[in-house]
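Take a look at the structure below.
Number of protein chains: 2
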Amino acid sequence: MQKIYVLSEEDTKQLLEMDEVIEAIENVYREKSSGSGKVFPLVFHEFKRSVADMDIKSGTLDEMRVYGLKLVSWFGDNPSKGLPALSGIVMLFDKNTGLPLGTINAEHMTGMRTGAAGAIGAKYLARKNSEVMLMVGAGHQASYQIRAIQTVIKGIKKVLVYDPMKFESAERFVDRFDYKSDGIEYIPVKDLETAVRSSDIIVTATPSRKPMIMKEWVKKGTHFSCMGSDMSGKQEIDENILKVARLFADDIPQSISVGELEMGIKNGAITQEDIICEIGDVLIGKCDGRTSDDEITVFDSTGIGLQDIAAGYMAIMKAKKNNMGIEVEF
Amino acid sequence: MQKIYVLSEEDTKQLLEMDEVIEAIENVYREKSSGSGKVFPLVFHEFKRSVADMDIKSGTLDEMRVYGLKLVSWFGDNPSKGLPALSGIVMLFDKNTGLPLGTINAEHMTGMRTGAAGAIGAKYLARKNSEVMLMVGAGHQASYQIRAIQTVIKGIKKVLVYDPMKFESAERFVDRFDYKSDGIEYIPVKDLETAVRSSDIIVTATPSRKPMIMKEWVKKGTHFSCMGSDMSGKQEIDENILKVARLFADDIPQSISVGELEMGIKNGAITQEDIICEIGDVLIGKCDGRTSDDEITVFDSTGIGLQDIAAGYMAIMKAKKNNMGIEVEF
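The listed protein sequences correspond, in order, to chains B and S. Every letter in the first sequence is one number past the one before it in the numbering used here, and letter 221, counting from 1, is 221. Every position in the second sequence, counted from 1, becomes a number in the numbering used here once 1000 is added.
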């Protein structure tokens, strides 16, 4: 009799460790660049314009021996009924046999894999002596980004938190942030320009549709991990920054159509040829990341389904090893 | 805390009743023809040519208030390892909230919904006074087809079973068929031509790649439900039958690309304009089915993902009502 794992959000919180997720996502980028990781065509359906939609992202990680999909639904009216607007579910299959491995709640896992992506951008592209991180956006994703960055950048001394809507959100975020690390100061900030001027690593995770960070404020050697833009029309940083920066993406076609690089290309500030390469190409040594301490680097992370497949697979492997989660006859 | 249902193959065997599945699949065809049922683009990936592949079929049934997907994997080397070559899993979501409803083993359910489809073809297109059914193919699917036909065609007196590979398979099938009905004779047959000449309803469910049934053998008023062709190149009946028959499909574009009608169109025996309509159009009264007792009718059923969504949804609703299956925190 066949069995599958069913992992709840609570299970994923217990099973997933940030350093391990970062390692898994690095492998995803490597597989994508070497060709063993393949992204299948996206399925998207809008039930009601700007109110309810769903998408199915799927793909295979042939080295990891797993394939699968994530279905994410967004129902904008849900919060008024006391339900979450966003929900997601991952399904995984054994690449050796095609048999189902399990079903995983995608909510916490998506936060983890997105945090990992931002940190991988910083790990491979930021200056080695980076000390100050600026988190732009104090929402749900900020916590994952900070956890991940302090996992990979050991020299971090200060984390500045800025909220584009109101200062109180940044204050409250810092108060409640559960993963404070010894030797790091966490500081809510009111003035974005001053914060940008003093930062080595800037992570943006907002739903912004117009640039918040101006080129004049950015010091030499700054690294940006731009996490917020995942839909056409979104933009977080001044396209003049893109003009002078070394540009990297998780998936070039997706960055051009929905990522941070989209508006820069549409407005003519940059062209597709200005994108150095995908981050996976840096990881496998096919392309250079940062080449000097003076350069500004930008990693445009739009998110790919393979990240969910890898994170979910790790959760199932750990559940099996530690006898956690629920295994159900199928 | 959110919960989802997980229904195993065993659960679906206990939960699904053929008459109810038939009703659900009729509603699928109605929704498809009225426009409230929508099929999303197919995702297909071949891991290794002719050895291993997977597809994701998805869609929404807006009237039924459910959407979802079925992922089916085919790993041809599995039987040599003692594993099933084909495996599938269905995931369903509440159309009102986007929240996941459950995960269902698709194996038995696919048999049921395919049986239901063949029977709906007969119910709406065969002569009302049909008495003899011929089942061509004595494989896994034959049992579901016969169960479904005897559910909807009350006048059936004889079921002939023919296996294109060997007679013994037909004999063994009849011996082991678990759903024998009082007043019906079940007869394995050796000679296909004689069987065709005496049959009112012919259901084909084989992997054939060349026509098995010739036009000269077919008597006036015969109905065909062609279930076997679901891949380019497959063909079960002589294309000269298509020339003189009233033709119906579950999904016209799919029939033309992979169904029984494909080869007839490719060989020039018929054109796309010869297809009367989709079966759903008959069910909603938009188009006439059979118009006289002399006509030959053909229903080309290629299978659509919406059938799995409807059958799975019924299984979950019944599990909830009867307190069956497993409900898991998610």
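Glycine included, C-beta positions come from ideal geometry on N, C-alpha and C.
Less than 8 angstroms separating the beta-carbons of residue i and residue j?
i, j, result
"SER169 of chain B", "CYS226 of chain B", "no"
"SER339 of chain B", "GLU278 of chain B", "In the structure displayed, chain B extends from 1 to 330; residue 339 of chain B sits before or after that span and is not available."
"ALA1138 of chain S", "PHE1173 of chain S", "yes"
"GLN141 of chain B", "GLY111 of chain B", "yes"
"LEU99 of chain B", "LEU134 of chain B", "no"
"GLY1280 of chain S", "VAL1039 of chain S", "no"
"PHE75 of chain B", "THR1097 of chain S", "yes"
"GLU239 of chain B", "TRP217 of chain B", "no"
"ASP200 of chain B", "GLY221 of chain B", "yes"
"ARG1049 of chain S", "LYS1095 of chain S", "no"
"LEU1242 of chain S", "VAL1196 of chain S", "no"
"LEU1042 of chain S", "ASP1062 of chain S", "no"
"MET91 of chain B", "MET1091 of chain S", "yes"
"SER1232 of chain S", "PHE1177 of chain S", "no"
"GLN1307 of chain S", "ALA1119 of chain S", "no"
"GLY82 of chain B", "GLU107 of chain B", "no"
"LEU1015 of chain S", "ALA1319 of chain S", "yes"
Is DSSP giving residue i helix, strand or coil here?
i, result
"SER1080 of chain S", "helix"
"LEU160 of chain B", "strand"
"ASP94 of chain B", "strand"
"VAL1218 of chain S", "coil"
"MET1317 of chain S", "helix"
"SER1034 of chain S", "helix"
"PHE1177 of chain S", "coil"
"LYS1286 of chain S", "coil"
"ASN1129 of chain S", "coil"
"ASN1105 of chain S", "strand"
"PHE224 of chain B", "strand"
"VAL244 of chain B", "helix"
"ILE237 of chain B", "strand"
"GLY115 of chain B", "helix"
"MET135 of chain B", "strand"
"ILE4 of chain B", "strand"
"ILE213 of chain B", "strand"
"LYS1166 of chain S", "coil"
"SER1143 of chain S", "helix"
"LEU86 of chain B", "strand"
"THR110 of chain B", "helix"
"THR204 of chain B", "strand"
"LEU1071 of chain S", "strand"
"ILE184 of chain B", "coil"
"GLU1329 of chain S", "strand"
"VAL21 of chain B", "helix"
"VAL1066 of chain S", "strand"
So, for residue i: in the same chain, excluding its five sequence neighbours on each side, which residues have a beta-carbon less than 8 angstroms away from its beta-carbon?
i, result
"MET1147 of chain S", "It is Arg, not Met, that sits at residue 1147 of chain S in the sequence shown. Once the five neighbours on either side are set aside, the close Cβ partners of ARG1147 of chain S are MET1018, GLY1115, TYR1179."
"GLU1236 of chain S", "VAL1136, THR1204, THR1206, SER1208, PRO1211, MET1212, ILE1213, CYS1226, GLY1228, SER1229, GLU1260"
"LYS1321 of chain S", "none"
"ARG1127 of chain S", "ASP1200, GLY1221, HIS1223, ARG1290, ASP1293"
"LYS131 of chain B", "The residue asked about is misnamed: residue 131 of chain B is Glu in this sequence, not Lys. Answer for GLU131 of chain B: GLY155, ILE156, LYS157, LYS158, ASP200, listed in chain order."
Determine whether the Cβ of residue i lies closer than 8 angstroms to any Cβ atom of chain A.
i, result
"GLY1098 of chain S", "In the displayed structure, chain A is absent; the protein chains listed are B and S."
Is any heavy atom of the ligand GDP found at a distance shorter than 7 angstroms from the C-beta of residue i?
i, result
"SER1143 of chain S", "Judged by which ligands are present, the structure shown has none, so any question about the ligand GDP falls away."
Could you pull out every residue in the same chain whose Cβ sits closer than 7 angstroms to the Cβ of residue i, ignoring the five residues on either side in sequence?
i, result
"ILE1276 of chain S", "ARG1246, LEU1247, PHE1248, CYS1287"
"HIS45 of chain B", "ASP53, MET54"
"ASP1274 of chain S", "LEU1247"
In its own chain, which residues sit with a C-beta less than 6 angstroms from the C-beta of residue i, not counting the 5 before and 5 after it?
i, result
"TYR1124 of chain S", "VAL1282, GLY1289"
"ILE187 of chain B", "LEU160"
"ILE1149 of chain S", "ALA1119, ALA1122, MET1133"
- Using 8 angstroms as the threshold, is the segment 60-72 of chain B in touch with the segment 279-299 of chain B, meaning 3 or more CB pairs across them? no
- Query: Below 8 angstroms, can you find three or more Cβ-Cβ pairs linking the segment 1243-1254 of chain S to the segment 1141-1155 of chain S?
  - Reply: no
- Task: Count the CB pairs spanning the segment 91-111 of chain B and the segment 222-241 of chain B that are closer than 8 angstroms, and state whether there are at least three.
- Result: no
- Specify whether the segment 1002-1021 of chain S and the segment 1317-1328 of chain S touch according to this definition: at least 3 beta carbon pairs, one from each stretch, less than 8 angstroms apart. yes
- Do the segment 300-317 of chain B and the segment 1267-1277 of chain S meet, that is, are 3 or more Cβ pairs less than 8 angstroms apart? no
- Query: Unbroken beta strand (DSSP E) runs of length 3 or more, entirely within the segment 1037-1061 of chain S: which are they?
  - Reply: 1037-1039, 1043-1048, 1052-1061
- Query: In chain order, which continuous runs of the alpha helix (DSSP H) of length 4 or greater are located wholly inside the segment 253-314 of chain B?
  - Reply: 260-266, 279-283
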